[in-house]
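Participant: Have a look at this one before I ask anything.
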Amino acid sequence: MSSAIANSSLAPSPDVWRATVTGACASLIGIGLARFAYTPLLPAIIDAHWFSASAATYLGAVNLGEYLAGALAGGAMARRTSATLVLRAMMLVATASFAACAIPVSFLWFLNWRFAAGVSGGGLMVLAAPIILAHVPPIREVTETLERVLHKPPEWTHVSVEDIDTDKLGFAGRTTSELRKERS
213 MSSAIANSSL
223 APSPDVWRAT
233 VTGACASLIG
243 IGLARFAYTP
253 LLPAIIDAHW
263 FSASAATYLG
273 AVNLGEYLAG
283 ALAGGAMARR
293 TSATLVLRAM
303 MLVATASFAA
313 CAIPVSFLWF
323 LNWRFAAGVS
333 GGGLMVLAAP
343 IILAHVPPIR
353 EVTETLERVL
363 HKPPEWTHVS
373 VEDIDTDKLG
383 FAGRTTSELR
393 KERS
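Residue numbers (this note's numbering): 213 to 396.
Here it is, written out as structure tokens:
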């Protein structure tokens, strides 16, 4: 397997790396920041008296709803224009929403920017992977996956065994020590 990957035709080109890094950044912004960064900030927003607890929670719910809307609309927007253009625009909108939400102007201000963060985050989530995969040769996708599955270091094999044990534990309602006794 490693000899096939060493083949120069399968070596990742700079375009593949560029697309991969761009896609990772888009996923981080869309999933990590636009969607999930608001929830840990809720206590601080409430303690700073920017909003009441109910208003701050409502803003989080709006963000979740618009995240869903952005995920559904992302493909439609990409079909009307360039997917890359939509991806870049959504990254800019998400970034602008972060800056705008750093200023406690009003509830409506926050509502509109959390709305924008949700739509852009959902769109980024659904568009990033297909755009990256368009730049990766199909043979590369297969070899990378097989290499990761077949050549896992022993630590990962241990994690996989523990995961299987945890699954057994969850389904059977038994303790880990009982499962280990069964194996020996």
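Here a beta-carbon is modelled for each residue, glycine too, at the ideal position from N, C-alpha and C.
Gly-272 and Leu-297 - do their beta-carbons sit closer together than 8 Å?
Facilitator: Locating residue 297 in the sequence shown gives position 85, where the first residue counts as 1. Locating residue 272 in the sequence shown gives position 60, where the first residue counts as 1. Not in contact: Leu-297 and Gly-272 (Cβ atoms no closer than 8 Å).
Participant: The alpha helix (DSSP H) that contains Phe-248, what's its start and end?
Facilitator: Position 36 of the sequence shown holds residue 248. Note, Phe-248: premise wrong, no alpha helix (DSSP H); not H, not E.
Participant: Measuring CB atoms only, is the stretch 328-343 touching the stretch 239-246, in the sense that at least three cross pairs come out at less than 8 Å?
Facilitator: yes
Participant: Would you tell me roughly how many angstroms separate the C-alpha atoms of Ala-168 and Phe-319, rounded to the nearest one?
Facilitator: Given that the chain is displayed from residue 213 to residue 396, the structure contains no residue 168 and the question cannot be resolved.
Participant: I'd like the span of the alpha helix (DSSP H) that includes Ser-264, first residue to last.
Facilitator: As a working mapping, residue 264 is identified with position 52 in the sequence shown. Where Ser-264 is concerned, there is no enclosing alpha helix (DSSP H), given that its DSSP letter is neither H nor E.
Participant: Compute the distance between the beta-carbons of Leu-299 and Ala-238, then report whether it is under 8 Å.
Facilitator: On the sequence shown, position 87 is the one that residue 299 refers to. On the sequence shown, position 26 is the one that residue 238 refers to. Against a cut-off of 8 Å, the Cβ pair of Ala-238 and Leu-299 comes out as a contact.
Participant: From the DSSP output, in three-state form, read off Val-274 for me.
Facilitator: The residue given as residue 274 occupies position 62 in the sequence shown. The answer is helix: DSSP assigns Val-274 an H, G or I state.
Participant: Can you tell me whether Ser-294 is buried or exposed? The criterion is at least 16 other CB atoms within 10 Å of its CB, across all chains shown.
Facilitator: As a first step, residue 294 is located in the sequence shown; it is residue number 82 there, counting from the start. It counts as exposed.
Participant: Give me the residue from Ser-264, Ala-236 and Ala-301 with the minimum Cα distance to Gly-282.
Facilitator: On the sequence shown, residue 282 is found 70 positions in, with the first residue counted as 1. Cα-wise, what sits closest to Gly-282 is Ala-301.
Participant: At the level of alpha carbons, what is the spacing between Met-289 and Leu-339?
Facilitator: Walking along the sequence shown from the start, residue 289 turns up at place 77. Walking along the sequence shown from the start, residue 339 turns up at place 127. Looking at the two C-alpha atoms, the distance is approximately 10 Å.
Participant: Cα separation between Ala-329 and Leu-284?
Facilitator: To locate residue 329, count along the sequence shown from 1; it is residue 117. To locate residue 284, count along the sequence shown from 1; it is residue 72. In a straight line, the C-alpha of Ala-329 is about 15 Å away from that of Leu-284.
Participant: Per DSSP, what kind of secondary structure is Val-371 in: helix, strand or coil?
Facilitator: Sequence index remark: in the sequence shown, residue 371 carries index 159 (1-based). A caution first: Val-371 carries a pLDDT of 49, below 50, which makes its placement in the model unreliable, though a value can still be read off. Helix.
Participant: Which of the three DSSP states is assigned to Cys-237 in this structure?
Facilitator: Sequence index remark: in the sequence shown, residue 237 carries index 25 (1-based). In the structure shown, Cys-237 sits in a helix (DSSP, three-state: H, G or I).
Participant: Is there a Cβ of chain D sitting closer than 8 Å to that of Cys-237, yes or no?
Facilitator: The structure shown contains no chain D; it holds only a single protein chain.
Participant: Could you check where the alpha helix (DSSP H) with Ala-301 kicks off and where it finishes?
Facilitator: Your numbering for residue 301 matches position 89 in the sequence shown. Unbroken alpha helix (DSSP H) run through Ala-301: 295-312.
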